[in-house]
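Down below is the structure, laid out as structure tokens.
Residue numbers (this note's numbering), protein chains in the order written: chain A, 3 to 559; chain B, 3 to 559.
Okay, here's the thing in structure tokens:
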């Protein structure tokens with residue numbers, strides 16, 4: 003390794019994802035020559051990203067500096083923190099560090115992507131300290147809506163850079179593992195140079211509330227339900243899943259699990275000891291008919307209204323094995339992630355129409371996994387950071403988090419609101435803004451990672467609005483004569499059967515334009531094409547007020 | 003008019019829109035031979051309705067029975083109650099009844115559509131009673147987020163059918179016009195056979211609160227703002243607009259109006275006396291620079307994050323005359339209509355990034371125009387209807403409204419939850435379900451009303467996901483030989499430049515398929531096309547995991 007002296011004592015902190023947005027968290031701490039990557043998440047596409055499956059951070063900077071990257075250190079196993087790994091590890095061959103459950107879920111993911119053999123994974127605990135030359139990395143336990151989540155501390159010669167990861171402060175955690183106050187205090191005593199903290203609920207006053215309160219509510223729903231209980235939850239919320247199993251046991255119900263990710267998470271979490279399930283409490287769907295309705299609970303995916311998830315299939319009467327009954331009680335134990343409100347509302351609507359009782363919103367069957375204002379302030383007070391960078395949130399959440407930090411006493415010029423790629427550089431313990439590294443959205447569509455950009459998206463958008471019209475004509479180069487066509491074919495524009503006249507007139511128009519061009523001996527196909535496109539576009543807009551994409555094709559023989 | 007005896011004493015009630023959805027309200031009361039249409043709204047398209055501008059009700063039933071339709075009776079001038087008129091009146095030549103402001107806004111709309119001359123409009127007031135043979139129609143004043151809104155009573159020989167229209171019960175209305183309790187009581191005394199009532203806020207406990215409370219908040223924002231105030235509101239919320247003008251006057255600010263619909267509504271409402279504005283309180287944008295920042299208020303459209311509205315243009319730095327400044331206070335005096343959350347959040351984000359103060363959600367600068375549970379129960383108690391049909395809402399809102407009616411004492415079998423087109427028929431004052439009339443969504447795209455259906459939408463959806471690939475080949479019929487091509491052109495699929503190899507291989511594959519078909523002397527172009535489509539589709543899916551639409555075109559010479 004070549005060590006460039008000038009960089010030795012600089013510390014740089016920046017985000018490649020997770021700021022100015024909810025999703026694809028990836029934070030980078032650089033100390034001298036060493037680069038530490040914290041999390042590698044994905045984001046689900048926004049509406050205008052038509053046809054895109056997922057979005058991951060642009061890791062150009064990391065690829066360019068691959069030999070300096072010490073590893074990817076994970077806070078917890080949610081998709082917005084680990085979902086980018088299968089794609090990123092194909093470009094970047096570095097070890098992955100995580101706690102037991104996190105690695106368990108990551109390894110399943112890498113296996114699916116066929117890169118589990120080529121990836122080195124390293125198990126850590128709250129106690130682990132990893133030395134890297136002048137730097138070291140340590141962890142501290144937090145509470146979140148998935149077990150085994152940790153915050154990460156990068157100890158640099160200038161001080162400690164801390165990333166909280168996603169957290170809330172749960173005073174009665176399901177697994178009995180409290181936030182690691184002792185370790186946090188120890189970090190504070192040593193001196194936190196810079197804190198990166200979760201801004202998700204920075205606009206929400208008060209405390210978020212314990213996961214245990216959800217347990218009481220679920221218990222009572224299970225006890226009261228006269229028939230089956232069908233309950234949808236995030237698969238990864240293992241604590242919630244545990245409480246559902248506990249409620250089922252208390253109300254003498256067997257549990258049927260449906261939905262691929264739910265089955266997978268229950269399996270991994272049980273194997274690793276994060277779920278305590280009585281041996282005979284799970285039954286298969288086939289066995290369901292051997293039990294009375296009030297002895298059944300169905301645990302399912304689909305709490306976000308995802309079209310292909312089990313709950314959605316039930317709502318659409320398209321689930322092969324489970325049909326909703328009048329007597330069912332259906333519980334959606336989650337709130338919609340912003341953007342999913344409408345699809346969740348639709349599923350709720352369909353479910354209600356079946357006559358079943360639907361519990362969604364009215365009862366406290368969900369609490370957030372992210373701390374509210376009082377918890378965020380407590381974290382700031384505990385950490386006593388010299389500098390503060392609010393992360394994990396949209397701009398307004400970062401700004402709200404800044405206000406909280408000001409309240410707690412962090413100096414205004416010690417708070418940095420950063421965009422993706424914006425570097426905060428520390429020299430002798432003093433921070434300043436220092437340019438940008440490459441950053442942005444990498445769109446994944448099928449097997450293509452980053453091959454879809456604005457032009458393709460713009461075309462998809464155009465196509466989605468008014469469809470397409472293809473005009474083909476075969477022209478003889480020798481005689482400068484039309485041999486065949488013009489033929490006009492459309493998709494997504496009008497009903498062809500009802501628009502025969504329109505299309506005939508369009509055809510006549512194209513013939514006219516062609517004849518004129520032939521007469522003028524236009525041999526430049528591109529101007530011929532743009533003539534056809536312009537006349538046709540104008541004609542169609544006049545007639546229909548629509549602007550389909552027009553694609554003229556000239557076949558030359 | 004031919005009077006069919008058997009129908010004489012039947013009363014039928016049904017919805018052509020507005021039930022099971024928010025939007026395109028249209029309710030029908032049939033008494034004997036007379037048909038009364040209550041409202042004619044539009045709905046904004048749902049996500050999956052790609053490229054669609056608006057959605058209106060299917061009025062086939064009304065067109066088929068045109069000579070029996072006595073008129074369209076309007077409750078108020080919101081788009082979801084009047085927006086369908088320009089389209090529906092082209093199919094249905096009937097008079098339109100409405101109050102002064104309602105007709106004022108309707109007439110502007112009809113003028114734009116060029117049908118104001120051919121449409122008969124009839125002005126009504128709260129006091130008007132319209133006789134129609136054995137039936138009559140009367141009105142009663144309500145409070146809503148637009149002035150001059152009324153409920154409608156259709157007096158039939160069997161009793162009165164009442165549609166509340168959109169309402170809340172505002173104890174301190176801005177215009178001093180209280181809900182018409184006396185008239186409502188009179189209707190109740192005569193006997194309300196069936197009540198149709200607004201379900202929008204049926205899930206919301208308590209009372210909605212007075213528009214006046216918003217005024218106090220706006221006053222204080224205007225007083226405190228150090229620079230300009232930019233305030234976005236629904237143009238049609240004339241009371242809100244009035245309060246904004248009042249706040250501006252109190253804080254010594256001149257008002258600049260931007261946004262087409264805001265300018266239009268302020269003009270019409272002032273002309274008709276629904277807005278009281280000091281003569282010199284409005285200034286043009288050009289005059290803005292003659293005033294200090296704290297003497298300016300800008301009233302704008304775009305409270306729903308609409309892309310083309312003035313506020314959105316300001317946020318995107320695309321407004322030609324207004325640039326947001328650091329010192330501005332921007333107020334969004336509305337809540338997002340379900341489905342608009344994300345676009346509003348985006349605008350808020352952009353506005354915040356300018357450094358201006360953005361007030362949205364944190365302060366009470368908006369109240370709903372729809373009554374909450376206590377108001378809905380009060381309406382039920384006042385009307386004492388024999389039968390109840392909750393309307394104006396999604397299924398879950400209708401169901402919540404049903405629960406309220408049960409609480410108030412309406413018998414369960416006297417409450418009908420109906421879908422669009424489902425008829426409730428009354429005979430001798432007794433109701434039962436009675437089949438369906440044609441109903442559904444009519445999609446408007448540009449000039450096309452109802453010419454877009456599932457096939458076109460499905461194509462747009464496909465095109466939007468993975469784009470299109472056009473394959474053209476010219477074949478000689480005589481020699482059964484390929485003369486030109488195959489040529490492959492794609493849009494919205496991949497970047498052509500980066501996918502040359504893929505497209506070359508695809509081309510080679512098509513050549514192979516063609517050669518094979520030629521050899522086998524396949525003369526049936528449709529099987530040739532489906533061969534090409536299948537092979538290409540399979541190949542592209544293997545290589546890219548994408549499924550573009552494939553359009554093979556054979557030019558025959």
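For each residue, glycine too, the CB sits at the ideal point set by N, CA and C.
Residue i by DSSP, collapsed to three states: which one?
{"i": "residue 549 of chain B", "result": "coil"}
{"i": "residue 101 of chain B", "result": "coil"}
{"i": "residue 486 of chain A", "result": "strand"}
{"i": "residue 479 of chain A", "result": "coil"}
{"i": "residue 372 of chain A", "result": "coil"}
{"i": "residue 327 of chain A", "result": "coil"}
{"i": "residue 319 of chain B", "result": "coil"}
{"i": "residue 96 of chain B", "result": "coil"}
{"i": "residue 29 of chain B", "result": "strand"}
{"i": "residue 35 of chain B", "result": "coil"}
{"i": "residue 293 of chain B", "result": "coil"}
{"i": "residue 529 of chain A", "result": "helix"}
{"i": "residue 8 of chain A", "result": "In this predicted model, residue 8 of chain A has a pLDDT of only 47, less than 50, meaning its place in the structure is not dependable; the value taken from the coordinates is given anyway. Three-state DSSP puts residue 8 of chain A in a helix."}
{"i": "residue 106 of chain A", "result": "helix"}
{"i": "residue 88 of chain B", "result": "helix"}
What is the rounded straight-line gap between the Cα of residue i and the Cα of residue j?
{"i": "residue 375 of chain B", "j": "residue 403 of chain B", "result": "8 Å"}
{"i": "residue 260 of chain B", "j": "residue 311 of chain B", "result": "9 Å"}
{"i": "residue 350 of chain A", "j": "residue 322 of chain A", "result": "20 Å"}
{"i": "residue 502 of chain B", "j": "residue 555 of chain A", "result": "19 Å"}
{"i": "residue 474 of chain B", "j": "residue 531 of chain B", "result": "10 Å"}
{"i": "residue 206 of chain B", "j": "residue 92 of chain A", "result": "51 Å"}
{"i": "residue 159 of chain A", "j": "residue 11 of chain A", "result": "7 Å"}
{"i": "residue 364 of chain A", "j": "residue 452 of chain A", "result": "42 Å"}
{"i": "residue 302 of chain A", "j": "residue 313 of chain A", "result": "6 Å"}
{"i": "residue 517 of chain B", "j": "residue 482 of chain A", "result": "28 Å"}
{"i": "residue 8 of chain B", "j": "residue 441 of chain B", "result": "Only weak support is given to the placement of residue 8 of chain B: the predicted model assigns it a pLDDT of 47, under 50, and the question is left unresolved by the model."}
{"i": "residue 373 of chain B", "j": "residue 177 of chain A", "result": "45 Å"}
{"i": "residue 264 of chain B", "j": "residue 316 of chain B", "result": "16 Å"}
For residue i, would you say it is in contact with chain A, using Cβ-to-Cβ distances shorter than 7 Å as the test?
{"i": "residue 397 of chain B", "result": "yes"}
{"i": "residue 2 of chain B", "result": "Given a span of 3 to 559 for chain B in the structure shown, any question on residue 2 of chain B remains unanswerable."}
{"i": "residue 555 of chain B", "result": "yes"}
{"i": "residue 341 of chain B", "result": "yes"}
{"i": "residue 462 of chain B", "result": "yes"}
{"i": "residue 331 of chain B", "result": "no"}
{"i": "residue 172 of chain B", "result": "no"}
{"i": "residue 351 of chain B", "result": "yes"}
{"i": "residue 290 of chain B", "result": "no"}
Quick one: does residue i have its CB under 7 Å from some CB of chain B?
{"i": "residue 486 of chain A", "result": "yes"}
{"i": "residue 466 of chain A", "result": "yes"}
{"i": "residue 348 of chain A", "result": "no"}
Mind checking if residue i is an interface residue toward chain D, Cβ cutoff 7 Å exclusive?
{"i": "residue 31 of chain A", "result": "Going by chain labels, chain D is absent from the structure shown, which instead holds the protein chains A and B."}
Check your understanding: How do the segment 47-65 of chain A and the segment 119-129 of chain A stand: do at least 3 beta-carbon pairs fall below 8 Å, yes or no?
Key -> no
Review point. Any chance the segment 205-222 of chain A sits against the segment 409-421 of chain A, with 3 or more Cβ pairs inside 8 Å?
Key: no
Practice item. Examine the Cβ distances between the segment 537-555 of chain B and the segment 449-469 of chain B and report whether three or more of them are shorter than 8 Å. Key: yes
Exercise for review: Spell out a yes or no on whether the segment 227-235 of chain A and the segment 158-165 of chain A are touching, meaning 3 or more CB-CB pairs, one atom from each, closer than 8 Å.
Suggested key: no
Check your understanding: On the three-pair Cβ rule with 8 Å, is the segment 233-251 of chain B touching the segment 323-341 of chain B?
Key -> yes
Check your understanding: Any chance the segment 31-38 of chain A sits against the segment 127-147 of chain A, with 3 or more Cβ pairs inside 8 Å?
Key -> yes
**Study point:** Every unbroken beta strand (DSSP E) within the segment 44-72 of chain A, with a cutoff of 3 residues, ordered by chain
**Key:** 56-59
Point to revise | Given 8 Å, three or more beta-carbon pairs between the segment 75-94 of chain A and the segment 22-36 of chain A | key: yes
Point to revise | Sufficient close CB pairs (3 or more, under 8 Å) joining the segment 114-121 of chain A to the segment 84-101 of chain A | key: yes
Check your understanding: Of all the alpha helix (DSSP H) runs that stay within the bounds of the segment 229-288 of chain B, which reach a length of 4 or more residues?
Key -> 240-252, 262-273
Exercise for review: May I have a chain-ordered list of the beta strand (DSSP E) segments no shorter than 3 residues that lie completely inside the segment 337-392 of chain B?
Suggested key: 359-361
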